[in-house]
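Asks: Got a structure for you, written out below as structure tokens; questions coming shortly.
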Amino acid sequence: MAHHYSAEGRPTREATTQPDYMQDLWQVGPKKPLGYLPLDTIKHICDQDVEAVREACESRGLKTLLFSEDACTVRSGALYVYDHDALDEMLSNNLTTLVRANWPTEPEAFIQGVATTFAEDSALYELVARTFADKRQEYQQPT
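If you count by our numbering, then the sequence shown holds residues 1 to 143, one letter each, in order.
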């Protein structure tokens with residue numbers, strides 16, 4: 001399958017007709033600070049090159065972290081994509097939860113924690129879900 005990106009690095013219509021799995025990365029931005037996919041999903045289900053996906057996300061001003069299978073809890077390794085400013089703001093707004101759970105308060109270290117550790121504290125678990133913009137009602141921020 002060909003890789004289709006616009007000059008701005010956004011996936012074109014052809015690229016977005018792939019399985020919806022890629023949307024977890026393509027939708028990262030101010031309203032969805034964090035996304036990830038297992039490397040096997042990117043390569044074998046979505047038929048994408050991991051480095052090309054990474055470059056497309058970075059060309060949109062997003063940051064990426066690539067974890068090997070030995071460096072995270074995802075069997076094949078994972079690509080995490082994040083909006084640094086949006087994630088930093090969300091973490092800053094939830095410092096009490098992070099400190100109480102003894103979790104990092106900086107974006108890159110927070111993602112390292114997400115990639116390697118299960119968030120057992122319920123408030124922390126809900127915060128992690130919100131960083132991924134999990135749409136289940138129990139994870140929605142009160143308005």
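Using N, Cα and C, we set each Cβ at its ideal position, and we do this for glycine too.
Treat the numbers as computed from the prediction; the structure is a model and nothing was measured.
#1: Return the residue from the list C57, C72 and T41 that minimises the CA-CA distance to L34.
#2: Classify A52 as buried or exposed, calling it buried when 16 or more other Cβ atoms lie within 10 Å of its own Cβ.
#3: Run through DSSP, which three-state label would G113 get?
#4: Please indicate yes or no: does the CB of K43 lie closer than 7 Å to some heavy atom of the ligand ATP?
#5: At a cut of 8 Å, does the stretch 38-48 reach the stretch 90-109 through at least three beta carbon pairs?
#6: Cα separation between P142 and K135?
#7: What does the Cβ neighbour count give for Q140, buried or exposed, with the cut at 16 atoms within 10 Å?
#8: Any idea what DSSP makes of L65, helix, strand or coil?
#9: Quick one: Cα of R13 to Cα of L66, how far?
#10: What number of angstroms, rounded off, separates the C-alpha of D88 from the C-alpha of E106?
#11: Quick check on the DSSP output: the alpha helix (DSSP H) that includes A145 runs from which residue to which?
#12: Closest by CA to T73, which one among R54, P38, V81 and S122?
#13: Of all the options D49, L62, E126 and L25, which has the alpha carbon lying nearest to the alpha carbon of T97?
#14: Buried or exposed, going by whether 16 or more other CB atoms sit within 10 Å of the CB of F118?
Replies: This is what the structure holds:
#1: Walking along the sequence shown from the start, residue 34 turns up at place 34. L34 has its Cα closest to that of C57, out of C57, C72 and T41.
#2: Taking the sequence shown and counting its residues from 1, one reaches residue 52 at position 52. Counting Cβ neighbours within 10 Å, A52 comes out exposed, since fewer than 16 surround it.
#3: Walking along the sequence shown from the start, residue 113 turns up at place 113. G113: helix per DSSP, three-state reduction.
#4: For the structure depicted, the ligand ATP is absent and the ligand set is empty, with no information on it obtainable.
#5: no
#6: Residue numbering aside, residue 142 sits at position 142 when the sequence shown is read from its first letter. Residue numbering aside, residue 135 sits at position 135 when the sequence shown is read from its first letter. Low confidence applies to P142: its pLDDT is 47, below 50, so where it sits in the model is not reliable enough to give any reading.
#7: Taking the sequence shown and counting its residues from 1, the one referred to as residue 140 is at position 140. Because Q140 sits at a pLDDT of 48, beneath the cut-off of 50, its placement in the model cannot be relied upon, and the point is left open.
#8: Walking along the sequence shown from the start, residue 65 turns up at place 65. Correct three-state label for L65: strand.
#9: In the sequence shown, counting from the first residue as 1, residue 13 sits at position 13. In the sequence shown, counting from the first residue as 1, residue 66 sits at position 66. Confidence is the limiting factor: at R13 the pLDDT is only 48, short of 50, which leaves the residue's position unreliable and the question unanswerable from this model.
#10: The residue given as residue 88 occupies position 88 in the sequence shown. The residue given as residue 106 occupies position 106 in the sequence shown. Spanning the two alpha carbons is a distance of roughly 7 Å.
#11: The structure shown does not extend to residue 145, since the chain is modelled only from 1 to 143, so the question has no answer here.
#12: For the purposes of this step, residue 73 is taken as the residue at position 73 of the sequence shown. Of the listed residues, the one whose Cα sits closest to T73 is P38.
#13: Mapped onto the sequence shown, residue 97 falls at position 97. Of the candidates D49, L62, E126 and L25, the one whose C-alpha sits nearest the C-alpha of T97 is E126.
#14: Sequence index remark: in the sequence shown, residue 118 carries index 118 (1-based). With fewer than 16 other Cβ atoms within 10 Å, it is exposed.
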